[in-house]
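Residue numbers (this note's numbering): 527 to 924. Contents: one structure, followed by commentary.
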């Protein structure tokens, strides 16, 4: 929404032949050339940006003399240039958008999770162990470093050495131009869904998000073999077979019933992302744009990480995963528990039972995992080993 963006669109009309782009002395000269695909999503994005720019600003760029505004203009131009070139290289045209990533036999399973506070870090360690116990594939865990405690970061190298997995801490600075949440929990929800296209290196083809308070009972490699049918990500729909919860199934009435039509409302405790397809569809930009519009209203996006992708289901399609991939006692019947491949400790608005109590009640393996990790912590406390240095993957804002 700066006049600099108008310049970007003019360049796009000339098939993105960027020769010189100057804004005071703050922007360097970068000649770039990329093929422009007629009818591609990128063309649509530039058209949208152009229209909003004309409506919002009519002054030429030369009228902006404030250094911060000039810097913002330049940053916008540079980001859009790089985004277009990247999408072109990754298959952003009509042919590229038909591609779907595949999972090989010996590929690494990449698992992303977020935790804040010692209780959820305890849940997180148990979730990790449950993943490792059910797969023969190499596993790499990705954690958002922003909210992890020093205790967790100090112990994770010991756990990685003992169980033979990889891990990486990622950081991301919330963009200044994107509406920021004030509550910590809502910030975490934002990080969970808004930056999937920029948090991970380009070499990572798939990522599976698993909630910290979840137990895995199957090989996550099976989830990566589920075809997404062109969708950038797959979620499990909410169960609807507990009659006592009928009054709490808000998606069956009002706005959500009208908006979803025949589609299901999906839970965000577990999802798989085809990052190549996600970037091809510019899904990250679309989600951030819709979030920016809806988040201005405090009554919108009550469950940010869940409501946003369900709200965008018509623009960013969701593949419904088989129901057994996520079982939750609150919403799912007892008869379906035996087939569950993951079990989530989602809150129950009727009983309000503490999660720790519920974990020990409904998950017989939970105490065993917890004790195994506690034994490792105690052993490493007495004989600290030589531990590998943690790898970090830092990002500045968009």
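Don't be surprised by glycine CBs; every beta carbon is placed ideally from N, CA and C.
Pair within 8 Å by beta-carbon distance, residue i and residue j
{"i": "residue 714", "j": "residue 673", "result": "yes"}
{"i": "residue 797", "j": "residue 721", "result": "no"}
{"i": "residue 750", "j": "residue 869", "result": "no"}
{"i": "residue 732", "j": "residue 800", "result": "yes"}
{"i": "residue 925", "j": "residue 723", "result": "A question about residue 925 goes unanswered here, because the residues of the chain that appear run from 527 up to 924."}
{"i": "residue 841", "j": "residue 763", "result": "no"}
{"i": "residue 740", "j": "residue 653", "result": "yes"}
{"i": "residue 638", "j": "residue 668", "result": "yes"}
{"i": "residue 834", "j": "residue 852", "result": "no"}
{"i": "residue 660", "j": "residue 744", "result": "yes"}
{"i": "residue 768", "j": "residue 857", "result": "yes"}
{"i": "residue 875", "j": "residue 757", "result": "no"}
{"i": "residue 791", "j": "residue 836", "result": "yes"}
{"i": "residue 645", "j": "residue 820", "result": "no"}
{"i": "residue 818", "j": "residue 704", "result": "yes"}
{"i": "residue 779", "j": "residue 766", "result": "no"}
{"i": "residue 698", "j": "residue 725", "result": "yes"}
{"i": "residue 906", "j": "residue 755", "result": "no"}
{"i": "residue 710", "j": "residue 784", "result": "no"}
{"i": "residue 839", "j": "residue 651", "result": "no"}
CA nearest to the CA of residue i, picked from the options
{"i": "residue 655", "options": "692, 642 and 633", "result": "692"}
{"i": "residue 718", "options": "689, 690, 771 and 829", "result": "829"}
{"i": "residue 694", "options": "744, 883 and 682", "result": "682"}
{"i": "residue 871", "options": "664, 807 and 793", "result": "793"}
{"i": "residue 730", "options": "875, 633 and 643", "result": "633"}
{"i": "residue 696", "options": "671, 880 and 657", "result": "671"}
{"i": "residue 891", "options": "807, 687 and 657", "result": "657"}
{"i": "residue 901", "options": "675, 646 and 688", "result": "688"}
{"i": "residue 748", "options": "702, 818, 896 and 847", "result": "847"}
{"i": "residue 770", "options": "746, 716 and 877", "result": "877"}
{"i": "residue 889", "options": "855, 909, 908 and 873", "result": "855"}
{"i": "residue 863", "options": "909, 742 and 896", "result": "742"}
{"i": "residue 680", "options": "690, 753 and 647", "result": "647"}
{"i": "residue 664", "options": "867, 752, 746 and 865", "result": "746"}
{"i": "residue 677", "options": "908, 909 and 903", "result": "903"}
{"i": "residue 827", "options": "860, 886, 782 and 895", "result": "782"}
For residue i, three-class secondary structure by DSSP
{"i": "residue 644", "result": "helix"}
{"i": "residue 705", "result": "coil"}
{"i": "residue 774", "result": "helix"}
{"i": "residue 696", "result": "strand"}
{"i": "residue 724", "result": "helix"}
{"i": "residue 791", "result": "coil"}
{"i": "residue 853", "result": "strand"}
{"i": "residue 729", "result": "coil"}
{"i": "residue 897", "result": "helix"}
{"i": "residue 757", "result": "coil"}
{"i": "residue 768", "result": "coil"}
{"i": "residue 906", "result": "helix"}
{"i": "residue 860", "result": "helix"}
{"i": "residue 716", "result": "helix"}
{"i": "residue 889", "result": "coil"}
{"i": "residue 690", "result": "coil"}
{"i": "residue 876", "result": "coil"}
{"i": "residue 783", "result": "helix"}
{"i": "residue 748", "result": "helix"}
{"i": "residue 574", "result": "Residue placement at residue 574 is poorly supported in this model, since its pLDDT is 43, which falls under 50; the coordinates still yield a value, given next. Of the three classes helix, strand and coil, the one that applies to residue 574 here is helix, per DSSP."}
Counterpart residues of residue i in DSSP-defined beta bridges
{"i": "residue 868", "result": "742"}
{"i": "residue 736", "result": "796"}
{"i": "residue 762", "result": "793"}
Min CB distance residue i to chain B below 8 Å
{"i": "residue 896", "result": "Checking the listed chains, one finds no chain B in this structure; it contains a single protein chain."}
Q: Please go through the region 795–850 and give each complete beta strand (DSSP E) segment of 3 or more residues, from N-terminal end onward.
A: 844–846
Q: Output the residue ranges of the alpha helix (DSSP H) runs that lie fully inside the region 635–683 and measure 4 residues or longer, sorted by chain position.
A: With a minimum length of 4 residues, the continuous alpha helix (DSSP H) runs that stay inside the region 635–683 are 644–659.
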